[in-house]
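I have placed the structure first, in the form of structure tokens, so that the comments after it can refer back to it.
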Amino acid sequence: MEDDREWMYTGWKKGGCHTKEWFEKTEKFVENARGESTTHAVIRCPCNKCGNMYSHDKRSVTLHLCKDGFVQGYKVWDKHGESRSIVSAQMEVDDGEDVDRLDHMLEDLLAEFVNNPEDPPTKEVEELFKLLQDLEMPLHGHTMVTILQFVTHLMGIKSKFGFSAKCYKAILDLISDVLPADHKVPKDIYRSKKR
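Counting in UniProt numbering, the sequence shown runs from 1 upward without gaps.
Put into structure tokens, the structure is as follows:
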């Protein structure tokens, strides 16, 4: 993949007057992108609206990118098969991408708490196990977004825009109403923070 990724933002123009370079490199990006499934038929959509939270077929991703452009700061294409180690250490990494490294951090913390596997787990260890499970558990049966990704993203929005706890709860209620009954959306800010 390419080191210079400024084309992602400088070549895209609202209204569809994108540069030739933008079209060519975007097409190459989508063509080479690898999804999380073995078939790679569906990939995460890095458009401004989806923000790597939702997955679509490659044609839809291309259309989204043409319409909305790339999400800001997505210069390490780790959601599309690129390893962070490939990219130079000098590149900026979007704060929102920290969720992906959270599982490694939690595993490191867990190793510090676990002294003897035969001892019963402490409350702290059980909480860490719960966090590790949430990293893998999808929000509901029809998405690849995990509970922890959802909560982290929503808490970031709450902080960025200064939502009150009541506003946060109202948003969670609305989201819960539109999702399938088996969803795992937390009921309030307290349960979100416990995740």
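Glycine included, C-beta positions come from ideal geometry on N, C-alpha and C.
Any idea what DSSP makes of H56, helix, strand or coil?
-> In the sequence shown, the residue the question calls residue 56 occupies position 56. H56: strand per DSSP, three-state reduction.
Could you spell out where the alpha helix (DSSP H) holding V145 opens and where it closes?
-> Taking the sequence shown and counting its residues from 1, one reaches residue 145 at position 145. No alpha helix (DSSP H) holds V145; DSSP gives it neither H nor E.
Could you spell out where the beta strand (DSSP E) holding V42 opens and where it closes?
-> As a working mapping, residue 42 is identified with position 42 in the sequence shown. That run of the beta strand (DSSP E) goes V42 to R44.
Taking just the CA atoms, how far does G156 sit from V93?
-> Within the sequence shown, residue 93 is the residue found at index 93, counting from 1. Within the sequence shown, residue 156 is the residue found at index 156, counting from 1. Residue confidence for V93 is low, a pLDDT of 40 falling below 50, so the modelled location carries little weight; the figure read from the coordinates is stated next. Rounded to the nearest angstrom, the two C-alpha atoms are 16 Å apart.
Taking just the CA atoms, how far does Q149 sit from H140?
-> As a working mapping, residue 140 is identified with position 140 in the sequence shown. As a working mapping, residue 149 is identified with position 149 in the sequence shown. Answer to the nearest angstrom: the Cα atoms are 13 Å apart.
Hey, N48 and V71: beta-carbon distance below 7 Å or not?
-> Counting from one through the sequence shown, the residue named residue 48 turns up at place 48. Counting from one through the sequence shown, the residue named residue 71 turns up at place 71. Cβ distance < 7 Å, so N48 and V71 count as in contact.
Among P180, A181 and F163, nearest to I189 - alpha-carbon criterion | Residue mapping note: residue 189 aligns to position 189 of the sequence shown, counting from 1. For the residues P180, A181 and F163, the minimum Cα distance to I189 belongs to F163.
Return the Cβ separation of K184 and M144 in integer angstroms, given the expectation that the two are a contact with Cβ distance under 8 Å.
-> On the sequence shown, residue 184 is found 184 positions in, with the first residue counted as 1. On the sequence shown, residue 144 is found 144 positions in, with the first residue counted as 1. No, K184 and M144 are not in contact; Cβ-Cβ is about 13 Å, not under 8 Å.
Delimiting residues of the alpha helix (DSSP H) encompassing Y9 = Here the question's residue 9 lines up with position 9 in the sequence shown. Per DSSP, Y9 belongs to the alpha helix (DSSP H) from W7 to T10.
Around the Cβ of L172, are there at least 16 other Cβ atoms within 10 angstroms (buried) or fewer (exposed)?
-> Within the sequence shown, residue 172 is the residue found at index 172, counting from 1. Buried: at least 16 other Cβ atoms inside 10 Å.
Where C17 sits in the DSSP three-state scheme = Here residue 17 refers to the residue found at position 17 of the sequence shown. It is coil, neither helix nor strand.
Under three-state DSSP, which class holds C47?
-> For the purposes of this step, residue 47 is taken as the residue at position 47 of the sequence shown. If DSSP states are grouped into helix, strand and coil, C47 belongs with the strands.
Does the Cβ of S192 lie closer than 6 Å to at least one heavy atom of the ligand ZN?
-> Absence of the ligand ZN is noted for the structure shown, with no ligands found whatsoever.
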